[in-house]
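Chemist: Provided herewith is a single structure, encoded as structure tokens, for subsequent inquiry.
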Amino acid sequence: MSYSTQKGNHFTVSKINNKKYTWDVFKLWDLVADMSIEEVPINDFSLDIDLWFREYEVPTALNVLKHCKRILDADLEFAIIIAPNGIVMDGMHRIGKAWILGHSTIKAIRLQEFPIPDSIDEC
Numbered sequence: 001m002s003y004s005t006q007k008g009n010h011f012t013v014s015k016i017n018n019k020k021y022t023w024d025v026f027k028l029w030d031l032v033a034d035m036s037i038e039e040v041p042i043n044d045f046s047l048d049i050d051l052w053f054r055e056y057e058v059p060t061a062l063n064v065l066k067h068c069k070r071i072l073d074a075d076l077e078f079a080i081i082i083a084p085n086g087i088v089m090d091g092m093h094r095i096g097k098a099w100i101l102g103h104s105t106i107k108a109i110r111l112q113e114f115p116i117p118d119s120i121d122e123c
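Each residue of the sequence shown is one higher than the last, beginning at 1 in our numbering.
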């Protein structure tokens with residue numbers, strides 16, 4: 001299975017000074033292609049925050065089920081990507097799958113600096 005079959009949408013890292021920074025996941029994967037992979041404890045991640053719904057989507061039963069399917073379909077052979085501030089830029093569904101399966105760690109690539117965003121929008 002190729003990484004492209006695992007790709008979700010663009011990921012917004014954060015809102016800073018009323019701006020939304022967005023990176024294309026394909027470009028992130030090109031950027032990290034030669035970086036080293038480490039095992040990171042699942043407990044290092046804040047799993048009790050709303051990362052998928054926020055103001056964009058209502059957590060209806062169907063929307064929750066769609067995320068459950070993405071978790072079940074996630075391929076743990078692909079490392080997650082962690083931003084310099086510890087935020088997961090790509091891989092929350094993989095973290096969910098690892099947690100459900102009882103894994104204590106997950107493959108991860110840590111960025112040392114933020115890459116140039118693909119877009120910066122006013123909030």
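Quick reminder that beta carbons are idealized off the backbone N, C-alpha and C, glycines included. Quantities reported herein were computed from a predicted structural model and do not represent experimental measurements.
#1: For E38 versus A108, is the C-beta spacing smaller than 9 Å?
#2: Leaving out five residues on either side along the sequence, give the residues of the same chain with a beta carbon under 7 Å from the beta carbon of W52.
#3: Going by beta carbon distance, what residues of the same chain come within less than 6 Å of I71, once the five residues before and after it are set aside?
#4: Check M35 in the structure and name its three-state DSSP category.
#5: Could you check what DSSP says for N18 in three-state terms: helix, strand or coil?
#6: Compute the beta-carbon to beta-carbon distance between I80 and D90, rounded to the nearest angstrom, for a pair I have assumed lies under 8 Å.
#7: Identify which residue in I100, K15, T22, D44 has its Cα closest to the Cα of I116.
#8: Which two residues bound the contiguous beta strand (DSSP E) that contains V88?
#9: Which two residues bound the contiguous alpha helix (DSSP H) that contains I71?
#10: Which value, in whole angstroms, describes the spacing of the CA atoms of T5 and A33?
#11: Rounded to whole angstroms, what is the Cα-Cα separation between D121 and F114?
#12: Which two residues bound the contiguous beta strand (DSSP E) that contains E122?
Modeler: Taking the definition as stated:
#1: yes
#2: H67
#3: H93, G96, K97
#4: coil
#5: coil
#6: 6 Å
#7: T22
#8: 88 to 90
#9: 61 to 73
#10: Unreliable positioning characterises T5 in this predicted model, as indicated by a pLDDT of 45, which lies under 50. The coordinate reading is nonetheless provided below. If you take the alpha carbons of T5 and A33, they lie about 16 Å apart.
#11: 17 Å
#12: 119 to 122
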